[in-house]
Amino acid sequence: MALLRTRTYLAIDAASVAAAEVSHGVKTARLRALVREPLASGALVPGPSGANLADPEAVQAALGRVLDRVGRARVTLVLPDGLARLLLVEAPAGVEPREFVRFRLGASLPWPADETSVDTLAAGAGRVIGAAIGRASVAEYEQAARAAGAQVEQVFLAPLMALSGLLRQGAGEAVHAVLGDVAVCLAFLRDGALAGLRSRRRDRSAGEAERLAEEMQRLSAAAGNGHAGVTLAFTGSDAARLRAEIGAPSPAPDGQPDGDEAGWLGGLLR
Amino acid sequence: MSRQPDFRSGPRGPQPRLWQVGWLGLGALVLALAGYQALAARAEAGAAEARLAGVTREVAALASRRAALAARARAGSDPLAALDAPPARIVADVASVLPPDARLDRLAIDYGRGGALELLVVARDAASWDLLLERLERSPRIHDVEPGPEARAAEVRSVVRARWSAAP
Chain Z
1 MALLRTRTYL AIDAASVAAA EVSHGVKTAR LRALVREPLA SGALVPGPSG ANLADPEAVQ
61 AALGRVLDRV GRARVTLVLP DGLARLLLVE APAGVEPREF VRFRLGASLP WPADETSVDT
121 LAAGAGRVIG AAIGRASVAE YEQAARAAGA QVEQVFLAPL MALSGLLRQG AGEAVHAVLG
181 DVAVCLAFLR DGALAGLRSR RRDRSAGEAE RLAEEMQRLS AAAGNGHAGV TLAFTGSDAA
241 RLRAEIGAPS PAPDGQPDGD EAGWLGGLLR
Chain F
271 MSRQPDFRSG PRGPQPRLWQ VGWLGLGALV LALAGYQALA ARAEAGAAEA RLAGVTREVA
331 ALASRRAALA ARARAGSDPL AALDAPPARI VADVASVLPP DARLDRLAID YGRGGALELL
391 VVARDAASWD LLLERLERSP RIHDVEPGPE ARAAEVRSVV RARWSAAP
């Protein structure tokens with residue numbers, strides 16, 4: 001339970017590692033500290049299979065530095081987007097949602113099925129977001145955090161934390177692009193529930209903003225939105241540049257962070 | 271924060287739900303209240319026990335006093351202690367009932383027979399004699415008044431026997 005205590009979140013992504021201290025109340029959360037250390041390009045490449053840490057020493061050193069700055073060892077590890085397979089499903093009556101997700105994703109996973117961790121997040125309207133991740137990938141990140149002196153209490157996924165916040169907030173009808181350094185999660189929210197979900201790796205070449213905007217429009221149309229006036233919202237890594245490229249409005253300043261950590265951290269603070 | 275899927279690879283126990291934590295908190299509260307009440311009841315029981323011991327001691331003392339008084343009542347002719355009935359007190363009691371026209375010539379106190387009195391009285395006339403007897407009988411500490419033979423020609427001279435006791 002994350003009630004009435006301060007937790008330290010240790011987030012790892014391709015471009016940087018970050019530690020955030022968040023005080024949790026019964027229904028509130030407040031950011032107390034946020035520190036970030038950049039990673040050299042190529043030191044960490046988040047992916048669903050194979051080794052992610054190309055330069056484990058560099059990653060551990062960066063993790064050690066942010067932990068030193070927050071002065072806490074017990075952490076919740078936040079894994080980057082790009083590791084897990086995500087799926088929005090409505091489980092048939094009488095079927096345990098987690099087992100249904102395992103069934104739906106099992107054949108397409110790039111790692112052995114018995115090496116899979118599967119869990120779900122309620123998405124409203126009777127649906128769940130299913131997430132499947134290889135245990136070897138989780139262990140690789142946990143090992144790096146432990147080597148840097150952290151005691152890992154929990155392991156969360158950054159895109160699920162962001163989506164959880166959006167769902168809890170009851171955000172209005174909009175398509176959200178939750179941006180990680182190497183992957184993006186597109187979520188269409190309508191009536192306080194998740195109506196559509198896509199997750200894929202990012203293509204940072206020129207025109208990324210236009211391509212994402214078109215895909216977000218298609219997602220809203222596929223999920224049943226008949227009109228074209230849906231709001232597009234970008235949060236997370238490089239969100240400000242993408243918003244500027246397509247002329248999307250910046251979010252109103254509401255005290256939420258707007259940096260690379262805005263996705264998962266915003267999900268905590270909403 | 272709502273429950274997040276936790277992908278930790280190590281072993282873990284089941285995640286407690288909010289309602290479980292609530293019940294746990296409620297249970298702890300009830301336990302604390304029960305403990306407080308138990309302590310309060312224990313203190314109250316201690317106080318009651320102390321009161322009971324005091325009352326028991328008092329009852330025992332009263333019982334022994336009652337037994338002593340009962341024994342004294344049963345033995346009406348038991349010797350009277352001079353400490354309980356000093357002669358001056360008995361004389362004062364007798365003197366207080368003498369009418370003006372009567373005089374006490376002799377008073378004998380027999381402590382060995384429970385305070386038996388023998389009064390040699392001389393009264394000026396029969397009326398004074400009768401008044402003396404009446405007063406003796408009404409006196410709270412003088413009992414068993416027995417007037418002796420009397421001659422009522424002029425003055426009355428006689429012996430009156432009675433018994434004096436401290437208790438009315």
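In order, the protein sequences belong to chains Z and F.
Per this note's numbering, the very first residue in the first sequence carries number 1; after that it's consecutive.
Per this note's numbering, the very first residue in the second sequence carries number 271; after that it's consecutive.
In this text, a Cβ means the ideal position worked out from N, Cα and C, and glycines have one as well.
Predicted model, so just to flag it, every value in this text is computed and none were measured.
- Taking 8 Å as the CB threshold, residue 327(F) stays off the interface with chain Z.
- The three-state reading of DSSP puts residue 100(Z) in helix, counting H, G and I together.
- A Cβ of chain F is located within less than 8 Å of the beta carbon of residue 133(Z).
- Close to residue 156(Z), with beta-carbon spacing below 8 Å, are these residues of chain F in chain order: 274, 275, 276, 277.
- Burial is judged here by how many other beta carbons sit within 10 angstroms of a residue's own beta carbon; residue 159(Z) has at least 16 and is buried.
- For residue 68(Z), the enclosing alpha helix (DSSP H) covers residues 56 to 70.
- 117, 119, 120, 121: these are the residues of the segment 104 to 125 of chain Z whose beta carbon lies less than 7 Å from some beta carbon of chain F, given in chain order.
- Residue burial annotation: residue 49(Z) is exposed, with fewer than 16 other C-beta atoms found within 10 angstroms of its C-beta.
- Close partners of residue 216(Z) in chain F (Cβ separation under 9 Å) are lacking, with about 25 Å as the shortest Cβ gap.
- Close partners of residue 160(Z) in chain F (Cβ separation under 8 Å): 274, 275.
- Here the alpha carbons of residue 198(Z) and residue 29(Z) stand approximately 28 Å from one another.
- Residue contact with chain F for residue 139(Z): present (Cβ-Cβ distance below 8 Å to some residue of chain F).
- Within the same chain, Cβ atoms closer than 7 Å to the Cβ of residue 422(F) are found at 396, the five residues on either side in sequence being excluded.
- DSSP links residue 417(F) through a beta bridge to 430(F).
- From the beta-carbon of residue 152(Z), the residues of chain F found nearer than 7 Å are 278.
- Under a 10 Å Cβ-count criterion, residue 207(Z) is classified as exposed, with fewer than 16 other Cβ atoms of the shown protein chains found around its own Cβ.
- Our two residues, residue 260(Z) and residue 178(Z), have alpha carbons roughly 10 Å apart in a direct line.
- Counting along the chain, residue 78(Z) sits inside the beta strand (DSSP E) bounded by residues 74 to 79.
- The beta carbon of residue 181(Z) sits closer than 6 Å to the beta carbons of 13, 14, 15, 237 from its chain, once the five residues preceding and following it are set aside; these are given in chain order.
- Between the segment 390 to 404 of chain F and the segment 423 to 430 of chain F, the count of Cβ pairs shorter than 8 Å is three or higher; the stretches touch.
- Judged by DSSP in its simplified three-state form, residue 425(F) adopts coil rather than helix or strand.
- For residue 149(Z), same chain residues with a beta-carbon under 7 Å away, outside a window of 5 residues either side, are 64, 67, 73 in chain order.
- Within the DSSP secondary-structure output, residue 38(Z) pairs in a beta bridge with 16(Z).
- The residue among 164(Z), 139(Z), 39(Z) with its C-alpha nearest the C-alpha of residue 17(Z) is 39(Z).
- Every unbroken stretch of the alpha helix (DSSP H) spanning 4 or more residues and falling wholly within the segment 306 to 382 of chain F is given here in chain order: 357 to 367.
- For residue 190(Z) and residue 92(Z), the gap between their C-alpha atoms comes out near 22 Å.
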